[in-house]
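As they're listed, the protein sequences go chains D and V.
For the first sequence, this note's numbering assigns the number 115 to the initial residue and increments by one for each residue that follows.
For the second sequence, this note's numbering assigns the number 73 to the initial residue and increments by one for each residue that follows.
Think of the CB as a built atom: it goes at the ideal place given N, C-alpha and C, for glycine as much as any other residue.
Note sheet for the following structure.
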Amino acid sequence: MVETAATPRVPVLRRRLLQAARAMTTPLLPDDYLALLNPAWSTRELTGTVQRVVPETDEAATIVVQPNAPWPGHRPGQYLRIGAEIDGIRHWRAYSITSDPDHPEGLVSVTVKHVPEGRMSPWFTRRCDHGTQVLLGDVEGEFLLPDPLPERLLMITAGSGITPIFAMLRELQRRGGLGDVVHLHGTRTREGFIFGERLRALAREHDGYRLHEQVSSESGRLACTDLDDLVPDWRERATFLSGPREMIDAFEAHWQDHGDDPELLRTERFQPVIGTGADGAEGSGGTVRFLVTDVEATCAPGVSMLVGGEEAGATLPHGCRMGICHTCVGRLRAGRLRDLRSGEVHGEEGQTVRTCVNAPEGDVEIEL
Amino acid sequence: MSPDTGPSTATRPDTVGDAERPSGRPFDPASHNPLHRLTDAQIEELGERFQAIHDEVKADLGERDATYIRSLITFHRRLVALSRIVLMASRYPPAWALGTTGLSVAKILENMELGHNILHGQWDWMNDPNIHSSTWDWDTASTAASWKHSHNYVHHTFTNIVGKDKDVGYEIMRVDPKQPWEPRYLAQPVVNVLLMLLFEWGVALHDLDIEAIRKRRKDPKVLKRELKGIAGKAGRQILKDYIVFPALSGKHWKKTLVANATANVVRNVWSNMIIFCGHFPDQAYTFTEEEVEDETRGGWYVRQLIGAANIEGTPLFHVMSGNLGYQVEHHLFPDMPSSRYAEIAPKVKALCEEYGLPYNSGPFWQQWLMVQRTLLRLSFPGGRERPKPGPYVAPDEEPVAEPTVQGHAGPIPAFP
Numbered sequence: 115m116v117e118t119a120a121t122p123r124v125p126v127l128r129r130r131l132l133q134a135a136r137a138m139t140t141p142l143l144p145d146d147y148l149a150l151l152n153p154a155w156s157t158r159e160l161t162g163t164v165q166r167v168v169p170e171t172d173e174a175a176t177i178v179v180q181p182n183a184p185w186p187g188h189r190p191g192q193y194l195r196i197g198a199e200i201d202g203i204r205h206w207r208a209y210s211i212t213s214d215p216d217h218p219e220g221l222v223s224v225t226v227k228h229v230p231e232g233r234m235s236p237w238f239t240r241r242c243d244h245g246t247q248v249l250l251g252d253v254e255g256e257f258l259l260p261d262p263l264p265e266r267l268l269m270i271t272a273g274s275g276i277t278p279i280f281a282m283l284r285e286l287q288r289r290g291g292l293g294d295v296v297h298l299h300g301t302r303t304r305e306g307f308i309f310g311e312r313l314r315a316l317a318r319e320h321d322g323y324r325l326h327e328q329v330s331s332e333s334g335r336l337a338c339t340d341l342d343d344l345v346p347d348w349r350e351r352a353t354f355l356s357g358p359r360e361m362i363d364a365f366e367a368h369w370q371d372h373g374d375d376p377e378l379l380r381t382e383r384f385q386p387v388i389g390t391g392a393d394g395a396e397g398s399g400g401t402v403r404f405l406v407t408d409v410e411a412t413c414a415p416g417v418s419m420l421v422g423g424e425e426a427g428a429t430l431p432h433g434c435r436m437g438i439c440h441t442c443v444g445r446l447r448a449g450r451l452r453d454l455r456s457g458e459v460h461g462e463e464g465q466t467v468r469t470c471v472n473a474p475e476g477d478v479e480i481e482l
Numbered sequence: 073m074s075p076d077t078g079p080s081t082a083t084r085p086d087t088v089g090d091a092e093r094p095s096g097r098p099f100d101p102a103s104h105n106p107l108h109r110l111t112d113a114q115i116e117e118l119g120e121r122f123q124a125i126h127d128e129v130k131a132d133l134g135e136r137d138a139t140y141i142r143s144l145i146t147f148h149r150r151l152v153a154l155s156r157i158v159l160m161a162s163r164y165p166p167a168w169a170l171g172t173t174g175l176s177v178a179k180i181l182e183n184m185e186l187g188h189n190i191l192h193g194q195w196d197w198m199n200d201p202n203i204h205s206s207t208w209d210w211d212t213a214s215t216a217a218s219w220k221h222s223h224n225y226v227h228h229t230f231t232n233i234v235g236k237d238k239d240v241g242y243e244i245m246r247v248d249p250k251q252p253w254e255p256r257y258l259a260q261p262v263v264n265v266l267l268m269l270l271f272e273w274g275v276a277l278h279d280l281d282i283e284a285i286r287k288r289r290k291d292p293k294v295l296k297r298e299l300k301g302i303a304g305k306a307g308r309q310i311l312k313d314y315i316v317f318p319a320l321s322g323k324h325w326k327k328t329l330v331a332n333a334t335a336n337v338v339r340n341v342w343s344n345m346i347i348f349c350g351h352f353p354d355q356a357y358t359f360t361e362e363e364v365e366d367e368t369r370g371g372w373y374v375r376q377l378i379g380a381a382n383i384e385g386t387p388l389f390h391v392m393s394g395n396l397g398y399q400v401e402h403h404l405f406p407d408m409p410s411s412r413y414a415e416i417a418p419k420v421k422a423l424c425e426e427y428g429l430p431y432n433s434g435p436f437w438q439q440w441l442m443v444q445r446t447l448l449r450l451s452f453p454g455g456r457e458r459p460k461p462g463p464y465v466a467p468d469e470e471p472v473a474e475p476t477v478q479g480h481a482g483p484i485p486a487f488p
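Rendered as structure tokens:
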């Protein structure tokens with residue numbers, strides 16, 4: 115299967131009518147014929163129209179989108195898969211949502227940093243404009259503010275890693291949670307600090323929000339060893355970390371080796387660690403029968419169906435290989451699975467499941 | 073996160089030939105079969121050159137192709153909607169004729185240029201889940217899943233290998249003298265007509281793998297699931313064409329029912345005629361299992377090339393036949409968008425000429441009558457392989473007449 119947009123919410127009555135009308139349109143959906151009259155009448159996929167593209171810095175822009183169906187909602191810190199067709203081919207990327215959850219006009223925005231060699235980010239920052247159609251995927255992500263809000267917070271960000279933290283700071287401001295927040299941000303130049311102006315203003319207005327800008331072109335990168343000077347009580351603060359992979363690895367190691375409670379550190383790396391799941395149990399492993407490809411694979415404990423299948427010689431669809439894009443999904447026909455991210459054992463016949471983050475728990479049959 | 077989705081079902085063996093290893097293929101420069109006239113090195117070379125044609129088109133796919141398939145999908149849906157609306161007035165003969173024609177054309181387009189080709193994964197590169205082999209379903213009795221197995225996998229991988237490709241006679245007919253004769257083939261002339269009229273149902277049952285069921289080799293669990301799938305699909309098709317739409321025509325429901333049945337039969341006959349012209353005309357070669365033992369990717373390409381036959385026709389004919397008039401190109405590159413076959417045909421012909429291979433092709437009626445002759449002959453015992461055409465030779469280019477002016481002593485060149 116291929117990466118899909120989210121399914122719009124449809125009122126019950128309308129859904130029942132559409133269901134009944136399928137008798138006339140099978141194998142197509144009534145939506146396919148309604149779309150001939152007006153593409154926005156199709157409820158097959160959640161789409162959106164770009165309202166405006168707001169430049170944030172020379173290299174970053176915020177893409178403001180009006181969803182074509184009511185926005186299902188999100189929490190600050192979560193990300194959105196957003197898709198667009200470029201030269202006849204659909205592409206998808208995940209970006210942190212930077213709009214407030216209850217925007218009065220129902221708008222939603224993501225902030226994109228221009229990566230010159232990338233495919234999607236130059237398209238967003240340079241080519242898309244008012245009126246461009248985009249596809250909206252599911253809102254995902256577990257990088258969230260805890261409830262109740264912690265009394266003392268530490269935010270550590272660098273580069274475009276600021277985006278989920280910006281959304282959280284707005285949330286903290288709304289909920290009066292800026293009592294004691296220290297924010298360390300690493301940026302190459304002062305002008306290149308995405309949302310810099312707004313965060314500096316926030317720091318002026320709120321005594322409890324202290325912003326430290328580490329300009330690497332002047333005084334070097336933010337290092338773990340700076341923590342004791344900048345935030346002497348860092349060990350006791352609930353900490354949110356978002357930035358490049360090397361930075362996250364370094365700070366995570368520092369928390370492990372020198373912190374009091376590694377649990378206090380939460381990170382956003384856009385690359386979920388695929389391993390044995392939260393409970394540490396690896397599961398039993400098992401066999402997977404790929405019904406369409408006609409291949410049977412044996413997976414050791416902790417090995418995903420995708421990897422096992424490929425090792426057995428099957429050519430299987432895949433995309434991100436980390437549970438985001440849904441390219442690898444197939445319909446489960448029999449058996450139980452273990453989610454390699456959470457450790458949860460699940461699986462019902464007929465369910466579509468991602469082969470890249472699920473391992474068989476015993477014998478499994480999948481339509482792929 | 074850029075998805076790298078290959079074709080949904082592998083149709084081409086990935087083994088690249090080991091030049092050191094002697095293949096099971098009998099090499100014979102004097103053989104009448106072009107496959108055996110080629111050396112191993114030539115076959116490998118051909119494989120690479122065919123692959124290059126494929127890769128060049130694949131790299132070039134884009135906006136133009138996406139626009140083509142989307143326009144055709146939109147056209148099909150409009151035609152269906154209009155035809156169904158016109159058929160509400162089926163009690164008036166002109167409305168009946170117009171609606172039935174529209175619906176027949178729509179069903180043909182949907183099955184051939186859309187369904188068959190999308191289910192092959194020809195448009196999977198667009199990454200659009202609404203035009204994708206994993207999600208598409210078509211307006212015919214067979215289910216997409218079982219079709220993808222029996223057609224994309226079995227037929228396109230084992231093309232024309234007698235005993236392995238179940239499309240050689242569809243397990244109910246004798247279309248090749250290599251198939252042993254049985255008394256049941258005496259009924260072939262009747263079976264042929266019935267299959268033509270009821271083609272969609274024949275295809276749906278064929279997908280089940282009748283032979284495996286007869287020999288009790290089929291997993292009963294799988295069989296049960298497939299039967300359930302077919303029953304569901306058939307039920308929805310019958311409900312739509314023979315209950316819901318006739319009911320919407322009120323008192324004159326019978327006229328609409330007959331119109332819908334006619335459209336289904338027209339589609340059945342047309343697709344049967346086109347599909348039978350793909351592999352059963354005299355020019356196409358069939359193979360034994362021994363001949364293709366240890367086949368390399370190059371060998372696979374050559375088998376596809378000489379095992380299929382094209383139909384010559386206008387661009388409209390090619391769209392209405394799902395570009396299966398380019399059966400040769402389709403078999404070489406089953407996952408290439410069908411709209412590209414006409415563009416690559418000259419390159420395929422050039423390779424045929426260079427390597428002394430045939431390029432099987434002929435006008436529609438000639439090809440179809442050849443098939444009918446074979447079907448009649450082979451319903452009786454015996455029969456021999458029909459004579460095959462020689463290597464492809466490009467027709468001489470028409471000499472371009474220079475513009476001349478008539479002078480009193482005869483024509484003189486206009487531009488001396």
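Item, Value
"Supposed contact pair His244/D and Ser235/D - C-beta distance, whole angstroms, cut 8 angstroms", "That belief does not hold up - the Cβ atoms of Ser235/D and His244/D are roughly 19 angstroms apart, past 8 angstroms."
"Cβ neighbour criterion (16 or more within 10 Å) applied to Ala216/V", "buried"
"Chain-ordered chain D contacts of Lys312/V [CB-CB under 7 angstroms]", "Ala137, Met138 and Thr140"
"Contacting positions in the segment 126 to 147 of chain V - beta carbon closer than 9 angstroms to chain D", "Leu133, Gly134, Glu135, Arg136, Asp137, Ala138, Thr139, Ile145 and Thr146"
"Limits of the unbroken beta strand (DSSP E) element including Ile203/D", "Ile203 to Ser210"
"Which listed residue (Val400/V, Arg456/V, Gln439/V and Ala414/V) has its alpha carbon closest to that of Tyr431/V", "Val400/V"
"Proximity winner among Thr157/D, Leu148/D and Ala149/D, relative to Val126/D (alpha-carbon distances)", "Thr157/D"
"Beta-carbon gap between Ser213/D and Tyr193/D smaller than 8 angstroms", "no"
"Supposed close pair Leu267/D, Arg351/D - CB separation, criterion 8 angstroms", "6 angstroms"
"Given Val406/D as reference, the closest of His217/D, Asp340/D, Arg288/D and Glu479/D once Cα atoms are compared", "Glu479/D"
"Per-residue DSSP class, three states only, for Leu118/V", "helix"
"DSSP beta-bridge partners of Asp477/D", "Thr401/D"
"Status (buried if at least 16 other CB within 10 Å, exposed otherwise) for Gln385/D", "Any reading at Gln385/D must be qualified, since the residue scores a pLDDT of 48, below 50, and its modelled position is unreliable; no value is offered."
"Straight-line Cα distance separating Trp273/V from Lys287/V", "22 angstroms"
"Alpha helix (DSSP H) segment containing Arg420/V, residue limits", "According to the sequence shown, residue 420/V is Val rather than Arg. Run containing Val420/V: Tyr413 to Tyr427, per the alpha helix (DSSP H) assignment."
"Buried versus exposed, by CB contacts within 10 Å (16 or more), Ile315/V", "exposed"
"Enclosing alpha helix (DSSP H) for Arg359/D [first to last residue]", "Arg359 to His372"
"Inter-residue spacing [alpha-carbon to alpha-carbon] between Glu219/D and Arg240/D", "25 angstroms"
"Thr118/D: contacting residues in chain V (beta-carbon distance under 8 angstroms)", "Pro201"
"Continuous beta strand (DSSP E) stretch holding Ser223/D: start and end", "Val222 to Lys227"
"Every unbroken alpha helix (DSSP H) inside the segment 244 to 315 of chain V [4 residues or more]", "260 to 269, 271 to 278, 282 to 286 and 292 to 310"
"Chain-ordered chain D contacts of Trp210/V [CB-CB under 8 angstroms]", "Pro141"
"Separation of Ala137/D from Glu361/V, as counted between CA atoms", "46 angstroms"
"Test: Gly202/D CB closer than 8 angstroms to a CB of chain V", "yes"
"Residues bridged to Glu410/D [DSSP beta-bridge criterion]", "Arg403/D"
"Which listed residue (His126/V, Val420/V, Glu117/V and Leu159/V) has its alpha carbon closest to that of Lys323/V", "Leu159/V"
"Coil, strand or helix - Gly391/D by DSSP", "The predicted position of Gly391/D is uncertain, since its pLDDT is 47 and thus under 50; a value taken from the coordinates is nonetheless stated next. Looking at Gly391/D - three-state DSSP - the assignment turns out to be coil, as it is neither helix nor strand."
"Range covered by the beta strand (DSSP E) that runs through Ser433/V", "Ser433 to Pro435"
"Residue span of the beta strand (DSSP E) that contains Ile270/D, given as start and end", "Leu267 to Ala272"
"Interface flag, Gln385/D vs chain V, CB-CB below 8 angstroms", "Any answer about Gln385/D is weak, because its pLDDT of 48 lies below 50 and its placement is not dependable; what the coordinates show is given next. Not one chain V Cβ lies under 8 angstroms of Gln385/D."
"Cβ shell of Ala306/V (< 6 angstroms), same chain only, five flanking positions each side left out", "Ala213"
"Cβ-based burial, Trp155/D [other Cβ within 10 Å; buried from 16]", "exposed"
"Test item: CB-CB of Tyr373/V and Leu396/V under 8 angstroms", "no"
"Cβ shell of Pro122/D (< 6 angstroms), same chain only, five flanking positions each side left out", "Thr157, Leu160 and Ala183"
"Simplified DSSP assignment, three categories, for Asp214/D", "coil"
"Pick from Val234/V, Leu258/V, Lys238/V and Val262/V that is closest to Pro249/V, judged by C-alpha positions", "Val234/V"
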